[in-house]
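One structure is given here, and the rest of the page talks about it.
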Ligand code: AHG
């Protein structure tokens, strides 16, 4: 009989081991990551039985017990907010699900040094058709002094100030991937012991990939530079590094996760009717830009590095181009060529 390998590191063991190499660290970030892992496991249980229970109902509808049915994304929001509020490392949160940030108003939280921003269940439009969905999170050191309540400025920091960022993908298996400046590591949930186990150490985004991910339905509403890049991808052959494959799930966590592992480029550009696109800078673009850059990739809004954008609003949207370095260079060359043509022939 093959014995199951129980020597793999769990998420907790891994973060504690990392702490041992950083004698000055307080352990607050490790604790926060453990809290996030716990919420992810709880959400995973509900996502897995989403087809079986009436949790899929719209918020506000009433289930058979006469209780309010909460949508899964609100359930996920409450789980992540709850563990962070009860923990000892987070002073406040901002969530894609909430209009305003929430400062935790108790003695321990007011003295915590981190704030956390998250999209509790991205791709939730895909829940009822059994497609992978995910959670995305970003962690920043607060700017306001310890002991005081958090304010909006703690949340409106550029992505380059992130201390850590990560995502959970609820897919054919459930994975938690997180990055600090020291590297990106992936943990797969082992349901037999209920723990995230290190399965993808030190993830690097391949420098060149062959997958491009974009919603082709908007093609005629994209800028000429984007159209040019899509045409370039379609015209790739064996002779010039291709052929390329188009893959678009419509669930960013799953799309970017696949491209991070296999090499590829994901884009959600602006369109003529929505010049800033759809994705949120603080909850989607910034954490993924941080993760992908630490892994060796590149992320821009088409003209600027995502991580250098100064946010002005909690829920602002941004165009996003993210992925393998080589493919991003090709994209940028198409965008530059078209903007040069436009300035000659406005
Ligand atoms: P939602 O959470 O509302 O389902 O949105 C998902 C996001 C993102 O995950 C995905 O890449 C994108 O929206 C897909 O949007 P389109 O359907 O417009 O391509």
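In this note's numbering, the protein residues as written are 251 to 596.
Positions of the beta carbon are idealized from the N, C-alpha and C atoms, including for glycine.
Item, Value
"Do the CB positions of residue 412 and residue 551 come within less than 8 Å of each other?", "no"
"In or out: residue 329 buried (at least 16 other Cβ within 10 Å) or exposed?", "buried"
"So what does residue 450 bridge to, in DSSP terms?", "436"
"Cβ of residue 518 versus every heavy atom of the ligand AHG: is any distance shorter than 7 Å?", "yes"
"How many whole angstroms separate the CB atoms of residue 459 and residue 382, which I take to be in contact at a CB cut-off of 8 Å?", "Actually they do not touch by this definition, with Cβ atoms about 19 Å apart."
"The beta strand (DSSP E) spanning residue 427 covers which residue range?", "424-430"
"Going by DSSP in three states, residue 533 sits in which element: helix, strand or coil?", "helix"
"Near residue 293, what residues of its chain come up, given a Cβ to Cβ distance below 6 Å and the 5 sequence neighbours on each side ignored?", "326, 329"
"So, helix, strand or coil for residue 483, using DSSP?", "helix"
"How is residue 275 classed by DSSP in three states: helix, strand or coil?", "coil"
"Buried or exposed: where does residue 384 fall if 16 or more other Cβ atoms within 10 Å of its Cβ makes it buried?", "buried"
"Give every residue of the same chain whose Cβ lies closer than 8 Å to the Cβ of residue 340, excluding the five residues on either side of it in the sequence, and list them in chain order.", "282, 285, 334, 354, 359, 362, 364, 365, 366"
"In three-state terms, what does DSSP make of residue 442?", "coil"
"Is residue 505 close to the ligand AHG? I mean its beta-carbon at under 7 Å from any heavy atom of the ligand.", "yes"
"So, for residue 506: in the same chain, excluding its five sequence neighbours on each side, which residues have a beta-carbon less than 6 Å away from its beta-carbon?", "516, 538"
"In whole angstroms, what separates the C-alpha of residue 567 from that of residue 520?", "10 Å"
"Report yes if the C-beta of residue 425 is less than 7 Å from at least one heavy atom of the ligand AHG; otherwise report no.", "no"
"With DSSP as the reference, identify every bridge partner of residue 598, one or two as the case may be.", "The question about residue 598 has no answer here: the residues shown for the chain are numbered 251 through 596."
"What separation, rounded to the nearest whole angstrom, lies between the Cα atoms of residue 392 and residue 471?", "39 Å"
"Tell me which residue opens and which closes the alpha helix (DSSP H) that residue 545 is part of.", "That residue, residue 545, is in no alpha helix (DSSP H); it is neither H nor E in DSSP."
"Could you check if residue 380 belongs to the surroundings of the ligand AHG, using beta carbon to heavy atom distance under 7 Å?", "no"
"Closer than 8 Å, CB to CB, is residue 543 near chain D or not?", "Among the chains in the structure shown there is no chain D, since it carries only a single protein chain."
"So what does residue 462 bridge to, in DSSP terms?", "496, 515"
"Taking the Cβ atom as the reference point for each residue, do residue 444 and residue 291 lie within a distance shorter than 8 Å?", "yes"
"With distances taken between CB atoms, is the gap from residue 390 to residue 503 smaller than 8 Å?", "no"
"Let's test the definition: count the other Cβ atoms within 10 Å of the Cβ of residue 272 and tell me whether it reaches 16, buried, or not, exposed.", "exposed"
"Taking just the CA atoms, how far does residue 584 sit from residue 455?", "22 Å"
"Do residue 404 and residue 433 come within 8 Å of each other at the CB atom, strictly closer than that value?", "no"
"Tell me whether residue 563 is buried or exposed, calling it buried when 16 or more other Cβ atoms sit within 10 Å of its Cβ.", "exposed"
"Check whether the Cβ of residue 528 lies closer than 7 Å to any heavy atom of the ligand AHG, and answer yes or no.", "yes"
"Within 10 angstroms of its Cβ, does residue 369 collect 16 or more other Cβ (buried), or is it exposed?", "buried"
"Use the C-beta contact count for residue 375: other C-beta atoms within 10 angstroms, 16 or more gives buried, fewer gives exposed.", "exposed"
"In the DSSP assignment, what are the bridge partners of residue 412?", "390"
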